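Take a look at the structure set out below.
Residue numbers (my numbering): 27 to 157.
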């Protein structure tokens, strides 16, 4: 899997199909990605797929073992108001931590979908209730 050659410490890479987090730990490239319009989450280490999961909740809490034998816990999901978070830990130390509420770009991407959903919901309620 050849997504990026450099690590992205500032936040996710977003595309039409995936929301991708890339980071390194002790010489291992770790890629955590979740489908934007499909319920699939994946964890890659050094271009090898270690974990894949189908989940409509877009939440992942998985422990993987990297080639050096160390266990890394990866948590991905949503917090209040749709904020995306991704945390990777080895024991009690945090390897990678991201929360989108600190990133204005995520709100600019989320806001049009929220607005479209509100408008569609209003028209649907108006049609069903007949007012």
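Note that CB positions come from ideal geometry on N, CA and C, so glycine has one too.
All figures in this text were calculated on a predicted structure; none of them were measured in a lab.
Check                                                                                                                                                                         : Outcome
In its own chain, which residues sit with a C-beta less than 8 Å from the C-beta of residue 135, not counting the 5 before and 5 after it?                                    : 40
Measure the alpha-carbon distance for residue 83 versus residue 63 and round it to whole angstroms.                                                                           : 12 Å
Thinking C-beta only, is residue 54 closer than 8 Å to residue 172?                                                                                                           : Past the boundaries of the shown model lies residue 172; the chain is included only from 27 to 157, so the question cannot be answered.
Can you list, in chain order, the residues of its chain with a C-beta nearer than 6 Å to that of residue 78? Leave out the 5 residues immediately preceding and following it. : 68
For residue 56, which residues from the same chain have a beta carbon less than 6 Å from its beta carbon, with the 5 sequence-adjacent residues on both sides left out?       : 49, 71
Note down, in chain order, each residue of its chain lying with its Cβ closer than 6 Å to the Cβ of residue 65, except the 5 sequence neighbours on either side.              : 80, 81, 82
Whose CA, out of 51, 61, 89, lies closest to the CA of residue 100?                                                                                                           : 89
Could you tell me if residue 120 is buried or exposed, where buried requires 16 or more neighbouring beta carbons within 10 angstroms of its beta carbon?                     : exposed
Among the residues of its own chain, which have a CB less than 6 Å from the CB of residue 27, if the five just before and after it don't count?                               : Annotation note: pLDDT 44 at residue 27 (below 50); position unreliable, coordinate value reported separately. Here the set comprises 70, 73.
What do you get for residue 38, buried or exposed, if any count of 16 or more other CB atoms within 10 angstroms of its CB means buried?                                      : buried
Distance, Cα to Cα, residue 92 vs residue 146?                                                                                                                                : 45 Å
Going by DSSP, what residue range makes up the beta strand (DSSP E) through residue 91?                                                                                       : 86-91
With which residues is residue 1 paired in a DSSP beta bridge?                                                                                                                : Residue 1 lies beyond the stretch modelled for the chain, which goes from 27 to 157, so this question has no answer here.
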